[in-house]
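Numbering (UniProt numbering), first residue to last: 1 to 706.
So, in structure tokens, the structure goes:
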């Protein structure tokens, strides 16, 4: 293994020396895909692998940040600079308007959907909600590898959750036959804001505004203008950040190889680049697998994390918002109080409030796998994702924005439990030049969540008596609970002949409680084929080409990442005309629509993969097209009917583009290896149809435009 096969004719010689060529391609590498694994050389779909070592080089506290630039077609951006905050990831563009565009995450086989896109979850995902990124509890040091599934053949087995792509995370585990390995790591990194907007100084800004008013012959009625300050607000609210990571792990196996184990614990402590911000995480992880007897294997995965994020009260201050604050305003007044522009607090003052977001998360699963006959395995897995979040923000009374409230506080809590019961039956067999791999199964998912928030004000003291019980006034209270279920059946069949011709058939049927009785089922099939033409006779003369493959796939996936109960009439308490308290239809929930159904995405994918010079040079050119139909939107309707909007399937959008990847190993000398990777993506997004209505994302969407 690790070398290319070489055939040599044996003659009458007494000895024979054969020199094998190193197979740098590692074509026997195993890739984790949905509900199983496959060899890299046998892949039909579009899958990009990122190793754990590559992630750790980024010194990121949230592994989603470390994926930036690692895979073609994967856009990674950071919407905020708070410590521990995750990244926004888009795989091959945006596929929905009202729902969420984040991919599905599968962590050690446990599916993790970041947001459902509506209902209770919409409140949790709203800006400034005071709750933490659900992925903040995963320690980057615990990750073995990540697979990014992009096309329909790779993601269709996840059905209604696969339209935005799937990111499969596998953590480290022990290896049978290997000696126990104890690892200790401690690293420190420094964070600094390297670039700032070029802005006017305080005096230059004052002169510019005075000249502008004079030119327009407009009197200046702002009593605070011009200010006497000269403040660079971008530098005023930033500092040198410090990140410390400590990780202990033990990986190994029993002497007979029947049991493998992995234990780890980690601590991350981050001082953010924004003043008064920080992040701390404790994590403990266990992976154990044991073969009870030759045909039965059982195991468990446990990952517990406790994370705390602290900061000022105003994460909504974007970099641009800070840069545009008036530079002629000083940080402090002569009496030591914080200065302001007469309408809002200055950025430094806004960072002096108190906020704390805490998350306790447990990812747990147990499985049993029985080999019924050779090649036929039955596996059952029960997994839980349990997340408890709470957070608060406190705005002190001396802030300009609090002069009427005498201090205000917001407390929020969000808890959810996601339970998944998977059962799969897999069969693998090879005979002559044929190889067949089949996996089928059923899955049942139950998600329960609840949310509550309390707003309060009028506190007697900013420093001590600022808890909820000390509030003079409760200004608002909100709560909600939600549950949804998913029943699924899936099948994937792979066939290859002689390692040259490959065929993949994948399908999934999902039954969701989010839709009405007539629209609950969604069907998501895909088909893919690939031709490894480097094994054809006509390629033998081109010895510098190690591997060459052409693949084409087409299929349908779906989206269900939006709120529940859109097909039902919802009620809340109200008043009848006679003043008696009773129930009424809730106009804020919208008019019910029993015909609302799945968003579906058709995706076509074609790629050419080439490997040269003992795999020291590799390239992939990939074309894709995604077309999403039945976008769920909530257009306005006449209020005379008692409702102001109705959720409907309206609109189509498309994404198409090219992905180009180039990998090279220019130098291999002793223990020194120089690796270079390059990828670029061209994506074009377009609103195809709106069916005469106005669709809204962040801004109105216009037919024919991105």
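Backbone N, C-alpha and C fix where the C-beta goes; we use that ideal spot for every residue, glycine too.
* Within the chosen definition, does the region 167 to 174 reach the region 274 to 292 through at least 3 CB pairs nearer than 8 Å? -> Judged by pairs of C-beta atoms under 8 Å, the region 167 to 174 touches the region 274 to 292, as three or more such pairs exist.
* **C-alpha gap between residue 330 and residue 413, whole angstroms** => If you take the alpha carbons of residue 330 and residue 413, they lie about 37 Å apart.
* Asked: What's the gap between the Cα of residue 398 and the Cα of residue 472?
  -> Distance between the alpha carbons of residue 398 and residue 472: 17 Å.
* Asked: What do you get for residue 102, buried or exposed, if any count of 16 or more other CB atoms within 10 angstroms of its CB means buried?
  -> It counts as buried.
* **Start-to-end residues for the alpha helix (DSSP H) that takes in residue 207** => For residue 207, the enclosing alpha helix (DSSP H) stretches over residues 202 to 215.
* Can you give me the Cβ contacts of residue 709 inside the same chain, cut-off strictly under 7 Å, excluding the 5 residues immediately before and after it? => Only positions 1 to 706 of the chain appear in the structure, and residue 709 is not among them; the question remains open.
* Are the CB atoms of residue 387 and residue 416 nearer to each other than 8 Å? -> Taking 8 Å as the cut-off, the beta carbon of residue 387 is found closer than this to the beta carbon of residue 416.
* To do: Can you give me the Cβ contacts of residue 477 inside the same chain, cut-off strictly under 6 Å, excluding the 5 residues immediately before and after it?
  => Correct list, in chain order: 454.
* To do: Give the range of the beta strand (DSSP E) segment to which residue 428 is assigned.
  => Start and end: 408 to 431.
* Asked: For residue 520, which of helix, strand or coil comes out of DSSP?
  -> In the three-state reduction of the DSSP assignment, residue 520 falls in the coil class.
* Asked: Would residue 550 pass as a contact of residue 524 if the rule is Cβ separation under 8 Å?
  -> It is not a contact, given that the beta carbons lie outside the stated cut-off.
* Please classify residue 385: does DSSP put it in a helix, a strand, or coil? => DSSP places residue 385 in strand when its eight states are reduced to three.
* Report the three-state DSSP secondary structure of residue 235 (helix, strand or coil). => Note: residue 235 maps to helix in three-state DSSP.
* Report the residue from 623, 647, 452, 192 whose alpha carbon sits nearest the alpha carbon of residue 655. => Looking from the CA of residue 655, the closest CA among 623, 647, 452, 192 belongs to 623.
* **Spatial distance of residue 140 from residue 100 (CA atoms)** => Each residue's Cα considered, the two are about 24 Å apart.
* 8 Å Cβ cutoff met for residue 651 and residue 160 -> No.
* Asked: Residue range of the beta strand (DSSP E) that residue 241 falls in?
  -> First-last of the beta strand (DSSP E) with residue 241: 241 to 253.
* With 16 other Cβ atoms within 10 Å as the buried cut-off, status of residue 718 -> Only positions 1 to 706 of the chain appear in the structure, and residue 718 is not among them; the question remains open.
* To do: Determine the DSSP secondary structure at residue 180, reduced to helix, strand or coil.
  => Reduced to three states, the DSSP call for residue 180 is coil.
* To do: Look up residue 347 in the DSSP assignment and say whether it is helix, strand or coil.
  => Helix.
* **Contact check, residue 633 vs residue 618, beta carbons under 8 Å** => Taking a C-beta distance under 8 Å as the contact criterion, residue 633 and residue 618 do not qualify as a contact pair.
* **Option nearest residue 246 by Cα separation, candidates 493, 547, 674, 142** => Measuring from the Cα of residue 246, the nearest candidate turns out to be 142.
* Asked: In the DSSP assignment, what residue or residues form a beta bridge with residue 274?
  -> Looking at the DSSP output, residue 274 sits in a beta bridge with 238.
* Considering only residues of the same chain and omitting the five flanking positions on each side of residue 280, which have a CB-CB separation below 6 Å? -> Same-chain partners within the cutoff: 269, 308.
* Asked: Buried or exposed: which applies to residue 543, given that a residue is buried once 16 or more other Cβ atoms fall within 10 Å of its Cβ?
  -> With fewer than 16 Cβ atoms within 10 Å of its Cβ, residue 543 is classed as exposed.
* Asked: From which residue to which residue does the alpha helix (DSSP H) around residue 152 run?
  -> That run of the alpha helix (DSSP H) goes 152 to 155.
* When we look at the beta-carbon of residue 556 and count the other beta-carbons within 10 Å, is it buried (16 or more) or exposed? -> With 16 or more Cβ atoms within 10 Å of its Cβ, residue 556 is classed as buried.
* Determine, using beta-carbon pairs with one atom in the region 45 to 58 and one in the region 226 to 241, whether at least three such pairs fall under 8 Å. => Contact between the region 45 to 58 and the region 226 to 241 is absent, because fewer than three Cβ pairs lie under 8 Å.
* Asked: Sorted by chain position, which residues of the same chain lie with C-beta nearer than 7 Å to residue 375's C-beta, five sequence neighbours on each side aside?
  -> Cβ neighbours of residue 375 beyond the five flanking positions: 427, 428, 429.
* Considering only residues of the same chain and omitting the five flanking positions on each side of residue 433, which have a CB-CB separation below 7 Å? -> For residue 433, where only same-chain residues beyond five positions count, the Cβ hits under 7 Å are 497, 498.
* For the alpha helix (DSSP H) containing residue 135, list its first residue and its last residue. => For residue 135, there is no enclosing alpha helix (DSSP H), as DSSP gives it neither H nor E.
* C-beta contact flag for residue 240 and residue 290 at 8 Å -> No, the pair does not count as a contact, with Cβ atoms beyond the cut-off.
* **Segment limits, alpha helix (DSSP H) that includes residue 53** => Counting along the chain, the alpha helix (DSSP H) containing residue 53 begins and ends at 52 to 56.
* To do: Sort out for me which residues DSSP pairs residue 435 with in a bridge.
  => DSSP output for residue 435 lists 430, 496 as bridge partner(s).
* Can you have a look at residue 148 and say buried or exposed, based on whether 16 or more other CB atoms are within 10 angstroms of its CB? => Note on residue 148: 16 or more other CB atoms within 10 angstroms of its CB, so buried under the neighbour-count rule.
* Among residues of its own chain, excluding the 5 on either side of residue 390, which ones have a beta-carbon nearer than 6 Å to its beta-carbon? -> The residues 358, 413, in chain order, have a CB closer than 6 Å to that of residue 390 in the same chain once the five nearest residues on each side in sequence are set aside.
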